[in-house]
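When you line the sequence shown up against the numbering used here, it's residues 145 to 511, in that order. A virtual CB, placed ideally from N, CA and C, is assigned to each residue, including glycine. One structure is given below, encoded as structure tokens.
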Amino acid sequence: MIGIALDPDFATNNFIYLYYTVNTAPLKNRISRFTADGDVAMAGSEQFVLELDNLSTATNHNGGSLAFGIDGKLYVAVGDNANTSFPQNLDTYHGKILRINKDGTAPTDNPFFSTTTSEQRKRIWAYGLRNPYTFSIQPGTGKILVNDVGQNAWEEINDASVGGRNFGWPTTEGPTTNPSFTSPLYAYNHSTGTPTGCAITGGTYFSPANTNYPPTYLGKFFFQDYCNNWIYFIDPTATSPFATLFGSNVGGTSLSIMTGSDGNLYYLSRAAQRLYRIKYTPPTIAPSIVQQPTSLSVSVGQSATFSVTASGTPSPSYQWQKNGGDISNAIQSTYTISSAQLSDAGNYQVIVSNTAGSTTSSSVSLT
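Structure follows, in structure tokens:
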């Protein structure tokens with residue numbers, strides 16, 4: 145099993161697409177559609193969508209993953225099967241990003257659809273890739289970033305948002321000025337610079353509908369490397385993005401990183417055989433009073449309002465007191481007596497608290 149995707153209409157049709165290697169001769173990768181029944185596939189529901197080209201005796205560079213774009217088309221990453229002659233050959237699926245309809249046919253607006261009768265060419269969206277292990281499609285924009293595992297020197301994040309792009313493998317690896325190829329949006333070296341690594345196995349757009357992560361992370365592209373235990377991110381909208389460290393001592397033999405519907409990052413570790421969730425816990429700051437309440441003098445029947453301004457993380461709660469005792473339901477930053485009576489005269493203060501601590505305001509009087 146090398147890829148899984150839910151149909152955009154899964155809530156109504158229960159279709160799930162699997163990308164797997166057939167274990168009978170001739171060996172090949174296949175995309176099939178199944179109908180889910182709870183957490184299992186309905187017996188007899190498999191429908192073949194696409195049979196990929198036969199595999200060689202090489203057991204590596206299969207790619208790949210699959211995902212639906214915002215256009216409703218199914219995108220498929222296919223490795224070069226350890227054959228450097230394949231990525232520049234448009235008559236094979238190897239070393240490509242494919243774009244297909246749900247039934248496996250080729251969309252008529254694919255970049256090479258009208259130029260050839262080759263079935264492979266009709267389905268090719270991008271080419272010149274070595275081992276596009278994973279890719280991510282940004283919700284809303286539909287932009288596609290492909291994580292292409294390099295050979296001896298570079299790991300690439302390639303922008304395949306536009307069809308027909310050639311990323312140059314095996315002629316070039318890493319940044320290039322050759323006008324025949326599209327240079328990576330971002331690339332990092334195996335031995336120099338920051339970060340370094342050996343295989344970019346995971347990357348995800350962080351664009352959840354809701355999250356408690358700080359706004360600075362929204363819209364960024366997070367990525368991991370199989371050989372190192374770090375997570376970095378880039379701004380994919382930048383012309384020449386640079387990598388910023390998100391976390392160290394995380395991951396290691398990581399296979400994938402994803403954005404969950406709950407607004408958290410998830411990553412899969414091969415060595416640990418675990419799926420990890422990264423939850424953001426905002427820093428806690430004890431409350432402090434920015435503006436103290438002031439004493440009031442009012443006539444009987446007039447209103448009187450005490451107020452306090454405080455800061456803290458998380459947002460603080462309030463409890464007003466009169467002469468040292470709690471006032472029922474007086475739990476806002478302001479406390480109002482709508483019609484003051486002689487019995488309301490006394491000393492007032494407010495306790496401001498959150499999970500990090502508490503503080504008490506100055507004592508003020510009502511006369």
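**Report entry** CA-to-CA distance, Pro-458 to Asp-235, given in whole angstroms
**Finding:** 59 angstroms
Query - Cβ-based neighbour list, Phe-279, same chain, cut-off 8 angstroms, excluding 5 preceding and 5 following - result: Ser-209, Ala-211, Tyr-219, Ala-221, Ile-241, Ile-288, Leu-289, Val-290, Asn-291, Ala-304 and Gly-347
Query raised in the report: What beta strand (DSSP E) runs, 3 residues minimum, are completely inside the segment 294-352?
Result: 298-303, 330-333 and 344-349
**Report entry** Assigned secondary structure, Phe-192 (DSSP; H/G/I helix, E/B strand, else coil)
**Finding:** strand
**Report entry** Burial state of Phe-311, where buried means 16 or more other Cβ atoms lie within 10 Å
**Finding:** buried
Requested in this report: Pick helix, strand or coil for Lys-246, following the three-state DSSP scheme.
Outcome: coil
Query raised in the report: Mapping DSSP to helix, strand and coil, what is Ser-487?
Result: helix
Query raised in the report: Enumerated in chain order, which unbroken segments of the beta strand (DSSP E) with a length of 3 residues or greater are wholly contained in the segment 431-458?
Result: 448-451 and 453-457
**Report entry** Cβ separation of Lys-364 and Ile-378, assumed to be a contact under 8 angstroms, to the nearest whole Å
**Finding:** 7 angstroms
Report task. May I ask you to report which of helix, strand or coil DSSP gives Asn-512? Result -> Beyond the ends of the chain as shown, which are 145 and 511, falls residue 512; an answer cannot be given.
Query raised in the report: With 16 as the cutoff for other CB atoms within 10 Å, does Tyr-237 come out buried or exposed?
Result: buried
**Report entry** Same chain only: Cβ atoms within 6 angstroms of Gly-308, ignoring 5 sequence neighbours per side
**Finding:** Pro-255
Query raised in the report: With DSSP run on the structure shown, which of helix, strand or coil describes Gln-264?
Result: helix
Query - Selected residue, minimal CA-CA separation from Val-434, among Ser-477, Pro-283, Ala-387 and Val-166 - result: Ser-477
**Report entry** Cβ-based neighbour list, Asn-498, same chain, cut-off 6 angstroms, excluding 5 preceding and 5 following
**Finding:** Pro-431, Gly-456, Pro-458 and Pro-460
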